Amino acid sequence: MKVVISPFTRVEGHAKVVLKLSEDGAVKEAKFKVLEFRGFEKILEGRPIEEAPRIASRICGICQVAHSLASAKAAERALGIEPPEDAIRLRRIMHYAGVIQSHLLHLIFLALPDYLPTRASSPLEYLFNNRKDLLKETIAARSASQKIVEIVGGKSIHPTTNLVGGIAKPPSREDWRKLLNSSKSLVLSLKKIFGELEQIFEEKAEELREYFELKTWYLALARDGEGDFYDGDLMFKGETDSFRLPPEEYHKVILEETVAHSYIKYPYLVKGEKKLVRVGPLARHNISSPDVENNSLYYNVFRLKECIKLADEISTLLDRPFKEKTFSKLVLRRGEGVGIVEAPRGLLVHHYKSDENGILEKVNIIVPTTINAPSIEKLLEKVSSQYIKQDKINVKELKYYLGLAVRLYDPCLSCATHSESLLPIIEIRDHENGLVKVIY
Amino acid sequence: MIRLALVSLSGYCSGCEVALADVISEVLPRIEIVYSTLIADIDKLPSNIDLSLVSGAVRTKHDIEVLREARNKSKLLVALGSCASFGGIPGLANVYVVAELLREIYGTYPREVPKLTRAAAPVSEYVQVDYRLPGCPPPYKLLIELLVCVDEKKPLPKPPSRTVCDECSLKKRDVYEENVYRLGERDDVDFSRCFLEQGILCMGIATASGCEAQCPSRGVPCRGCRGPPAKIVDQGERLLSSIASVFSKIDEEELVRKIPDPLGYFYRFTLPSSTIPYTPEILKRMEKDEGSD
Amino acid sequence: MKPKILVLTCTYCSYAGADIAGVSKIQYPPSAYIVRLICSGREEALFALEALREGFDGVLFTGCHIPYDCHFISGNFKARARVALLKKLLSQLGIEDSRVRLEWISASEGDKFAKVVFEFTRELEEMGSLPKFRKISELGVEEHD
């Protein structure tokens, strides 16, 4: 027996979930299918390396800043270019603001509806009618963060000033003042919504802890042992063990596997055997915390906490105006480089090889949703087994909890396929692959 | 109130939807979202849609079905963003045969997923489009303007016939550098002066206005995301022919070394709606497939 | 059938060259379709792209000898730069770049004109013709293996 949920709503992209049942009607396995394909790696091949950041950002309209930065970093490594210090400072400011806007978009528009007392079909309208204050402050915080991206990046969606070598033109003193203002109002708005949201997300997390615990490895960027969004080594952490790896060696541990049911490839943590590994806010928390939190529902809690932390860091980074020069000259050569950043959803890898005229010959991109996909399936398996017992299916509950589980990862299918989108359907199939039920 | 459907096709990145989210406080009183799988939980297209905003390029069989259904149920259907309008960046994959591409990427063509079309296409390839609002993403101002026009039942804005250069405030002297540089190769760029005159490729000359020359004013040249101005069909060809004229004193070999990627520079957003919208290899593969049936 | 060739000529040199070929009764394949433009600076990539899409097998750009023969001073330089970029574009699209060719032909070079058309015809014959282009919506979907 097999259950399919499709299309999945409130996720970026098109996807569906298929549950396969065993002979006795229990959930045997869950499959998370990504139904899109765009082929960005191939689109980037043959392009001049200095054009890559601006093309790569189009992989995703939500975490575009992260793609643009990872792309520029990979290209800079390949060409041996070091951007000036102030370019890095500007990139961090833009990156943090980008993460905040993505997190807020997810928390309010995509995730919060799962936590509301009434399950309104248009959460936006529900909030507009019932929680105007909350909606207003969230929108204010989001526009402040988008404003920051715009001032640094030239545009708030698909920013353009981030080049291979740094930032094209530094913000003027006047722009710097505008940035300060936006950063102040960002902190202010966030503080207003933080308390209430934290309580909402934490309560649910504790209430459902039992079903959402999933023991996996965690992976995030760390610099000198501290989590970092822009730079650092790969830090792996398991229940009892942890290890570190330079970014260039990511392929030694992340192995991509092709599966028949999806347009995304599945990566596994190798180190001897296949193990599940998770990235994103939960992983970022775990790698720099003494204890490990395995409750997947804490993704949203940490997502919220990151907003506050990053907003404060933006203020710190804005302590002085910017220097004249934020750009290092492009010098073309044959080379290979890996650029890794922490995107809103977790570790993002761009890996480029260029020829002597700086033309991209080979591109490999690993996005956080890809890394998380096997864990999403594991969690779906665990959660759904609560709601399918001996062929009795509680459709309403099932749909709700599976949706909640998928959305915890804020899966970005546009990214994951560099190619397509995520819209789940739940499809239930029996042990002989016969269709039992389709849930929309 | 506009009964609004947000139709996201599979070749999309969500940027256009985020653009709508960015202007939401200005438009929320005017719209009722009756369909959206991204920012709402409505996964069935209702009837009686006033306006369908379609984003993304058409890439799968499923996309075509959703698109046709949206067309049938909507009074107005607008292509939102460059992908829906012209095919966009995903359209650059049209130089590959998809089946071969999939085999290269995945080792096989995944079976349990929607079938892919042979080439990415703009929405107008399959249904009648009432209006195009291109841009990657579309400029906020124009998006608000469109929604206001629909809400107040005014005629839709005219597509721009002017170019980015017409709106650009960078100074022109009509003196061109006799050299062409790759982006970033010059570290003495004068940010108050026309990029093209300084030997840096800028696509403003054949790109529709409406963005207020946002990129050039922030120190980066235009890459043509708004597509061609009215009356021009093939933006890439216009760019190729005119940029070649500008740098015609450079010998052929050097020119191709400095402009190594005409496809990616000139057709970045519009290949699927250009004169030759895909590689003939696709046709050869198709003929082979048909022959084997 | 002989390959169809679109020949773009300029008024002052290459068209006159083609004319001389005719007047001198020099034979060349009749499958060359000559279009006279005012100057090779008017020979745009669009003409070639449309011709290839509409069933021509090759496009011959011609003009006055480089560097100093152009009646309009620099039209031939423009044609040269366009052809260079166009060739690159065609190869990126998976079309043989030799389907586009550039030749300088003066008003007196009727023999050269004929020779070039002969040569080009032979090359295109070896290459075979391009498949007939269809609308994307008529291409259908890629079937699973």
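Residue numbers (my numbering), protein chains in the order written: chain A, 1 to 440; chain B, 1001 to 1293; chain C, 2001 to 2145.
Every residue, glycine too, gets a C-beta built ideally from N, C-alpha and C.
For clarity, every value in this text was computed on a predicted model and none was experimentally measured.
- Residues of the stretch 1211-1245 of chain B with a Cβ closer than 7 Å to any Cβ of chain C, in chain order: Asp-1234, Glu-1237, Leu-1240, Ser-1241, Ala-1244 and Ser-1245.
- Cys-1202 of chain B and Leu-1116 of chain B have their C-alpha atoms roughly 34 Å apart.
- Arg-92 of chain A and Leu-2008 of chain C have their C-alpha atoms spaced approximately 54 Å apart.
- When DSSP states are grouped into helix, strand and coil, Tyr-2033 of chain C belongs to the strand group.
- At a cut-off of 9 Å between beta-carbon atoms, Ile-157 of chain A makes contact with chain B.
- DSSP, read as helix, strand or coil, puts Tyr-218 of chain A in strand.
- Across the structure, Val-1256 of chain B and Ala-2079 of chain C are spaced so that their CA atoms are roughly 14 Å apart.
- Around the beta carbon of Gln-146 of chain A, a 10 Å sphere encloses 16 or more other beta carbons of the protein chains shown; the residue is thus reported as buried.
- A check of alpha carbon separations from Glu-1287 of chain B across B:Val-1097, B:Leu-1080 and B:Pro-1160 identifies B:Val-1097 as the nearest.
- At a Cβ-Cβ threshold of 9 Å, Ala-97 of chain A and Ala-74 of chain A do not count as neighbours.
- Taking the CA atoms as reference points, Phe-212 of chain A sits about 11 Å from Leu-402 of chain A.
- Lys-155, Ser-156, Ile-157, His-158, Thr-160, Thr-161, Leu-163, Val-164, Gly-165, Ala-168 and Lys-169: these are the residues of the stretch 155-181 of chain A whose beta carbon lies less than 7 Å from some beta carbon of chain B, given in chain order.
- In this structure, the alpha-carbon of Cys-2013 of chain C lies about 4 Å from that of Ala-2107 of chain C.
- When C-beta distances to chain B are compared with 8 Å, the residues of the stretch 48-67 of chain A below that value are Pro-48, Glu-50, Glu-51, Arg-54, Ile-55, Arg-58, Ile-59, Cys-60, Gly-61, Ile-62 and Gln-64, in chain order.
- Under DSSP, Cys-1083 of chain B forms no beta bridge with any residue.
- Residues of the stretch 1043-1062 of chain B with a C-beta less than 9 Å from any C-beta of chain C: Val-1058, Thr-1060 and Lys-1061, listed in chain order.
- The Cβ-Cβ distance between Cys-1168 of chain B and Cys-1083 of chain B does not fall below 9 Å.
- Taking each of A:Leu-380, A:His-350 and A:Ser-183 in turn and checking the Cα distance to Ile-59 of chain A, the smallest one comes out for A:His-350.
- Taking one beta carbon from each stretch, the stretch 2109-2119 of chain C and the stretch 2076-2092 of chain C have fewer than 3 pairs nearer than 8 Å; the two do not touch.
- Cβ-Cβ separation between Thr-161 of chain A and Val-152 of chain A: approximately 7 Å, consistent with a contact (criterion under 8 Å).
- Here the stretch 1204-1220 of chain B does not lie against the stretch 2039-2054 of chain C, with fewer than 3 beta-carbon pairs under 8 Å apart.
- Here the alpha carbon of Pro-171 of chain A sits roughly 35 Å from the alpha carbon of Tyr-250 of chain A.
- At least one C-beta of chain C is nearer than 9 Å to the C-beta of Tyr-1278 of chain B.
- Annotation: Tyr-2028 of chain C to Arg-2099 of chain C spans about 18 Å, alpha carbon to alpha carbon.
- Here the alpha carbon of Arg-209 of chain A sits roughly 49 Å from the alpha carbon of Cys-1211 of chain B.
- Rounded to the nearest whole angstrom, the C-alpha separation of Ile-1243 of chain B and Lys-2088 of chain C is 14 Å.
- Taking CB atoms only, Ile-1282 of chain B has a neighbour in chain C less than 9 Å away.
- Listed by position along chain A, the residues whose Cβ is nearer than 7 Å to that of Phe-1191 of chain B are Lys-169.
- Per DSSP, the continuous beta strand (DSSP E) segment holding His-351 of chain A begins and ends at 346-354.
- Going by DSSP, Arg-1003 of chain B is part of the beta strand (DSSP E) stretching over 1002-1008.
- Linking Leu-179 of chain A to Leu-318 of chain A through their CA atoms gives a straight-line distance of about 8 Å.
- Contact of Ile-43 of chain A with chain B is assigned, a C-beta pair being separated by under 9 Å.
- Remark: C-beta atoms of Val-2023 of chain C and Gly-2110 of chain C approach each other more closely than 9 Å.
- Taking a Cβ-Cβ threshold of 8 Å, the residues of chain C close to Thr-1117 of chain B are Ile-2136, Leu-2139, Gly-2140, Val-2141 and Glu-2142, in chain order.
- Annotated three-state conformation of Ser-185 of chain A is helix, per DSSP.
- Taken through DSSP and simplified to helix, strand or coil, Leu-1051 of chain B comes out as strand.
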